[in-house]
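There are 2 protein chains.
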Amino acid sequence: MAAAVRRRLFEAADQLGYVPDASAQTLKQRTSRAIGVVVSDLSDSFYAQVVVGVEQTLRDAGYQVVLVTDNKDSAQEVTVARTFLALRTPGVIITPVGSEATTLLRLQGVTVVEVDRQLAQDGCDAVILDNEQAAIDAMSHILALGHERIALLTVGTDWTSDAGRQWGYRTALERAGLPFDDALVVKAAPHDSESLIERRIRDLLGQPGLTAIFAANNVLTVRAWRVLHRAGLRLPDDMSLVGFDDVAWMDMVTPGITVVAQPAVDLGRRAASLLLRRMESRDLPPAVERLHAGLVVRGSTGPPRKPR
Amino acid sequence: MAAAVRRRLFEAADQLGYVPDASAQTLKQRTSRAIGVVVSDLSDSFYAQVVVGVEQTLRDAGYQVVLVTDNKDSAQEVTVARTFLALRTPGVIITPVGSEATTLLRLQGVTVVEVDRQLAQDGCDAVILDNEQAAIDAMSHILALGHERIALLTVGTDWTSDAGRQWGYRTALERAGLPFDDALVVKAAPHDSESLIERRIRDLLGQPGLTAIFAANNVLTVRAWRVLHRAGLRLPDDMSLVGFDDVAWMDMVTPGITVVAQPAVDLGRRAASLLLRRMESRDLPPAVERLHAGLVVRGSTGPPRKPR
DNA sequence: CCCGAATATGGGAACGATGCCATACTGACG
DNA sequence: CGTCAGTATGGCATCGTTCCCATATTCGGG
């Protein structure tokens, strides 16, 4: 068709208000332009940032984002997976809580990319943080300051994100020749109430010799900060605090919080790019991209008050 | 069909991995189970919260959310509207930047609910904040403390949200018998850079007699706080600050920021409920729900240092 | 002026679910 | 035993697009 005719045609179609029916296209082509995106919780600015990156990238590539949040458990996740199958989404990006959903989707030929956590066993694409290194960096900073009894606040799941951070914590201690003490570890469950978590952190403060806390995500960092604040402890003199995720307020409080800064938006962008690449050439070897976090040193960390 | 047979049928379908094709259903029924959701910016925790509310409610009602962010201008919004038309979405929830998209959608029979801002003229459903009252409450608090020269940081659009807050600001001044001074108003454009906004706030501090600042959204509140912080001004002695949106850090900084707290999640929930109601009975009179914000008084506001 | 290639046009058939219709069947009751 | 309501079953058109094939039509080159 000649270019001029083509142009006039589109103009006419436009004038008539014609919009091609996506469902008819999907039906005929047996695939849609919608990508399923599942994240745990949009209230957590980390996940919100991930979605920002994902949505931008997919929109630019001409895809729609079908967003589902709050995948509490594996069963719920499978329900969501079925919805995506019904929608004939060619791809799904998920912060998984189990591996069933991913398996189900991939079995039906849906391309899946896991973000933030990597749970599927069988070579699923994933974009994750180098949690081990991130934790080691945070711990090295604290250890270099002379701390010897350092608490870890983490989430008690088998997700790679938290497991990796725990591993980094232990490894850093080991390398420094310090003992690992279970009493210094608080493992929150994903749906523990704020008050329960805060009580457990509060209890932690009773541990003799404790001079620093490493909070392994931004929610726990807030909880820790609040507990320390209420207890009237001064940072960093009474207690050092290293957080995870450089969310907006971390440099607004006094003193600023030293954190491991995750490139959250980039995590989302890369997951989306990887998905797009994978969708167009399905026989690439499975890729696991591992991004690096940077340590941002602020005022919440300093040498322990009474070095021994 | 008998209940027992029915059950066995579903079991069998399940076992075979049969999932009804949503696009075929959409095609035949001429409507889908997907709702279009458009918000300005997920990085802004206000919008993220709105989406949380919307998504929860719609998911519970068995709908999918097609999320689009970053509707910078009217033209882009119309493009998004066309996408929704192609998807045959029965409804759309939008924080609008113009009225064309809404008009186009409604003309094609799509139910639209505007959230946060109300731009469509012709009786479109909307769920918004009582911005006028919220601004008056904030100003009344400041005025009661004895402030007389109060700056306003706002967004220079014709959106109802910002216009309402500006109106409240002027009205409160008027009622207090104080003059309105244009030199005390900073109107940021939606895509001004952080540094430009901060420079303009910085310039504002030169205004003689200025003792308080009312920032009309959470982004501007951050910017104001940073400028004041860098200028070494102490809250509330050197300057009082009232913010908008009770985001997480507002009570973590020292002193805590006095804010007008928007019920963001609820705004989203209500918008979704209204949409659902409207979709099932299309001939209801147009509804505009107006939610109330509450003033949360913290340490950032106090009497001016030198009362006259 | 004619031939073959390139392009245009028109007509189906599919995609999978739905909903209607006609026909076949079941069982209860007169 | 016949009748009729109620239910089951199979067949078929439809939604709007895509894609293929069979005919038309155009155009440049011989």
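Those protein sequence lines, which keep their order, are chains W and F. Anchor point for the first sequence: position 273 equals 272 in numbering that gives the first Met the number 0, and the numbering is continuous, going up by one each time. Anchor point for the second sequence: position 285 equals 284 in numbering that gives the first Met the number 0, and the numbering is continuous, going up by one each time. No residue lacks a Cβ here, since even glycine has one placed at the ideal position from N, Cα and C. Every value quoted in this text rests on a predicted model; they were computed, and no experiment measured them.
Rounded separation between residue i and residue j - CA only
i, j, result
"L292/F", "T257/W", "One point to set straight first is that residue 292/F is Ala, not Leu, in the sequence displayed. Between A292/F and T257/W, the C-alpha separation is close to 34 Å."
"A187/F", "A188/W", "42 Å"
"S192/F", "T102/W", "44 Å"
"R32/W", "P89/W", "7 Å"
"L203/F", "D43/F", "25 Å"
"G122/W", "V79/F", "36 Å"
"G231/F", "I149/F", "19 Å"
"V67/F", "I92/W", "16 Å"
"S160/F", "V185/F", "16 Å"
"R307/W", "I127/F", "Legend: pLDDT at R307/W = 41, less than 50; position of this residue unreliable, value from coordinates given subsequently. Computed Cα separation, rounded: 59 Å."
"A74/W", "V51/W", "26 Å"
"L142/W", "L86/F", "55 Å"
"N217/W", "F179/F", "42 Å"
"D282/F", "S22/F", "28 Å"
"N130/W", "Q117/W", "11 Å"
"F83/W", "Q120/W", "21 Å"
"F45/F", "A125/W", "29 Å"
"Q15/W", "R81/F", "Contrary to the premise, residue 15/W reads as Leu rather than Gln in this sequence. C-alpha separation (whole angstroms): 13 Å."
"G176/W", "I200/W", "25 Å"
"T253/F", "L195/F", "25 Å"
"Q261/F", "W248/F", "15 Å"
"G267/W", "D59/W", "14 Å"
"L290/F", "T94/W", "33 Å"
"G255/W", "L240/F", "20 Å"
"T25/F", "A214/F", "46 Å"
"M278/F", "V112/F", "10 Å"
"H146/W", "M138/W", "9 Å"
Contact list for residue i against chain W, beta-carbon separation under 7 Å
i, result
"S31/F", "S22"
"V109/F", "The premise fails here: V109/F is roughly 11 Å from chain W at the closest Cβ pair, so nothing lies under 7 Å."
"R58/F", "V67"
Residue span of the alpha helix (DSSP H) that contains residue i, given as start and end
i, result
"A33/W", "Careful: A33/W lies outside any alpha helix (DSSP H), inside the beta strand (DSSP E) at A33 to V38."
"T220/W", "N217 to R229"
"A175/W", "It is not in any alpha helix (DSSP H) - A175/W carries neither H nor E in the DSSP assignment."
"V18/F", "Here V18/F belongs to no alpha helix (DSSP H), and DSSP marks it neither H nor E."
"V296/F", "No alpha helix (DSSP H) contains V296/F, which DSSP labels as neither H nor E."
"A271/F", "A263 to E279"
"L195/W", "E193 to L203"
Cross-chain neighbours of residue i in chain W, by beta carbon under 9 Å
i, result
"E54/F", "L41, L66, V67, T68 and D69"
"V252/F", "W248, M251, V252 and T253"
Where the beta strand (DSSP E) through residue i begins and ends
i, result
"L290/F", "V287 to L290"
"L183/W", "First-last for L183/W: undefined, no H or E at that position."
"I212/F", "A211 to A214"
"G242/F", "S239 to F243"
"V258/F", "T257 to A260"
Chain F contact residues for residue i, given Cβ-Cβ distances below 7 Å
i, result
"Q48/W", "S42"
Within chain F, the residues that residue i reaches when beta carbons sit closer than 8 Å
i, result
"Q261/W", "Within chain F, no residue comes near Q261/W; the closest Cβ sits about 14 Å away, beyond 8 Å."
"L26/W", "D20, S22, A23 and L26"
"V296/W", "Result: empty, since nearest Cβ-Cβ is about 19 Å, beyond 8 Å."
"R6/W", "None at all; the shortest Cβ gap to chain F is about 18 Å."
Contact set between residue i and chain W, taken where Cβ atoms lie within less than 8 Å
i, result
"Q63/F", "V65, V67, T82 and L86"
"V96/F", "What V96/F touches in chain W: nothing, since even the nearest Cβ is about 16 Å away."
Where residue i meets chain F, residues with beta-carbon distance less than 9 Å
i, result
"R105/W", "Ordered by position in chain F, no residue passes the 9 Å Cβ test against R105/W, which lies about 13 Å from the chain."
"R198/W", "Within chain F, no residue comes near R198/W; the closest Cβ sits about 19 Å away, beyond 9 Å."
"V37/W", "Under the 9 Å cutoff, chain F gives no residues; its nearest Cβ is about 11 Å from V37/W."
"V308/W", "No information on residue 308/W is available, as it lies outside the stretch 0 to 307 that chain W covers here."
Proximity test, residue i beta-carbon vs the ligand PLP heavy atom, cut-off 7 Å
i, result
"L26/F", "By its list of ligands, the structure shown contains no ligand whatsoever, and the ligand PLP lies outside what it can speak to."
Note down, in chain order, all residues in the segment 183 to 195 of chain W with a beta-carbon under 8 Å from any beta-carbon belonging to chain F. Of all residues in the segment 183 to 195 of chain W, none places a beta-carbon less than 8 Å from a beta-carbon of chain F.
What are the complete alpha helix (DSSP H) segments, minimum 4 residues, inside the segment 52 to 140 of chain W? Listed in chain order, the alpha helix (DSSP H) runs fully inside the segment 52 to 140 of chain W are 73 to 86 and 99 to 106, counting runs of at least 4 residues.
Runs of beta strand (DSSP E) lying entirely within the segment 141 to 172 of chain W, each at least 3 residues, in chain order: The segment 141 to 172 of chain W contains these whole beta strand (DSSP E) runs: 149 to 154.
For the segment 234 to 245 of chain F, which residues have a beta carbon sitting closer than 8 Å to at least one beta carbon of chain W? The residues in question: there are none.
Which residues, in order along the segment 76 to 91 of chain W, keep a beta-carbon less than 7 Å from a beta-carbon of chain F? Per Cβ criterion, the list reads R81, T82, L84, A85, L86 and R87.
Name, going along the chain, the residues of the segment 208 to 238 of chain W whose beta-carbon falls closer than 9 Å to a beta-carbon of chain F. Legend: CB atoms of the segment 208 to 238 of chain W lying less than 9 Å from CB atoms of chain F belong to residues V221, W224, R225 and H228.
Name, going along the chain, the residues of the segment 150 to 175 of chain F whose beta-carbon falls closer than 9 Å to a beta-carbon of chain W. Only those residues of the segment 150 to 175 of chain F whose C-beta falls short of 9 Å from the nearest C-beta of chain W would be listed, and there are none.
Residues, ordered as in the chain, of the segment 138 to 149 of chain F that lie near chain W by beta-carbon distance below 8 Å: In summary, no residue of the segment 138 to 149 of chain F has a CB separated from any CB of chain W by less than 8 Å.
For the segment 266 to 287 of chain F, which residues have a CB atom closer than 7 Å to at least one CB atom of chain W, in sequence order? Under the 7 Å Cβ criterion, the segment 266 to 287 of chain F contributes no residue.
With 9 Å as the C-beta to C-beta threshold (strictly closer), list the residues of the segment 111 to 129 of chain F near chain W in chain order. Of all residues in the segment 111 to 129 of chain F, none has a C-beta nearer than 9 Å to a C-beta of chain W.
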